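Encoded as structure tokens, the structure appears first; notes follow it.
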Amino acid sequence: MNLPNKLTLLRILMVPLMALVWLFPYSQFNINIGYFTIGQVTLSYLNIIVLAIFVIASVTDFFDGYLARKHNLVTTFGKFADPIADKLLVDMTLIILCYKHMIPVVCCIVMILRDLIVDGCRMIAAQKGVVISAGILGKLKTVFQMVTIVVVLLNNLPFELYYIPADELLIWFTTFISVAGGYSYFMQVKDYIFESM
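When we follow the working numbering, the leftmost residue of the sequence shown carries the number 1197, and every step to the right adds one.
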């Protein structure tokens, strides 16, 4: 197995690790997770640990693709596993943030449904021999999801110090970009979807 594929597998393994760290019942085992305060914002060390795992996993996403292209190590497994690893990482994080009441339920549901619909559109296109590349909205969606997750995990720091609700603005804007990108994908394959109706 080459290095890019190992990085992809590492990213997949970091998803359940992040969930375990975030959801572990620390109080039942008398484990006290500390916190610190910056201005009026209290931030748990647990948030920092989860953020570190998320950032490391996100960095592997960049390097596995970069190394695969640079050293001509693109494999069928990589093409299959890389997008799955990406969606597992982001969607699991969104679900946990939703479970912890840190983001609105509707945003989490809409973004996950969007990914399912886009995957369906890609499958239909692939059956017709059509390749749909990631558009600008899809790339923006990914970037804004990453930034939003980081800001939410940081309890809106540093924006909270200036009373700017950046976390709320980002999650709704990201949801909007996600829907717009999903609509763009759908419009590219709608003729194939409805051709036999």
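Positions of the beta carbon are idealized from the N, C-alpha and C atoms, including for glycine. Here the structure is a predicted model, which is why all the values come from computation and not from measurement.
Beta-carbon separation (whole angstroms), residue i vs residue j, contact threshold 8 angstroms
i	j	result
Val1339	Met1298	Wrong, their Cβ atoms sit about 20 angstroms apart, outside the cutoff.
Ser1374	Lys1324	Contact doesn't hold; Cβ gap of about 25 angstroms is too wide.
Leu1331	Ser1380	Strictly speaking, residue 1331 in this sequence is Gly, with Leu absent from that position. Yes, Gly1331 and Ser1380 are in contact; Cβ-Cβ is about 6 angstroms, under 8 angstroms.
Asn1201	Gly1274	5 angstroms
CA nearest to the CA of residue i, picked from the options
i	options	result
Leu1357	Ile1234, Gly1230, Leu1309	Ile1234
Ser1254	Met1210, Gly1230, Trp1218	Met1210
Lys1296	Lys1386, Val1270, Asn1243	Asn1243
Thr1238	Leu1353, Val1314, Leu1365	Leu1353
Cys1303	Asn1268, Ile1291, Ala1215	Ile1291
C-beta contact flag for residue i and residue j at 9 angstroms
i	j	result
Asp1260	Leu1350	no
Asp1311	Asp1278	no
Val1385	Ile1345	no
Leu1285	Arg1207	yes
Trp1218	Pro1300	no
Ser1240	Ile1252	no
Classification of residue i by the beta-carbon crowding that lies within 10 angstroms, buried from 16 upward
i	result
Ala1281	buried
Phe1250	buried
Met1307	buried
Residue-level contact to chain B via CB, residue i, 9 angstroms cutoff
i	result
Asp1282	Absent from the structure: chain B. Only one protein chain is present.
Quiz item: Mind pulling the alpha helix (DSSP H) runs of 4 or more residues that sit fully within the stretch 1290–1368?
Solution: 1301–1323, 1332–1349
Self-check item: Every unbroken beta strand (DSSP E) within the stretch 1238–1295, with a cutoff of 3 residues, ordered by chain
Solution: none
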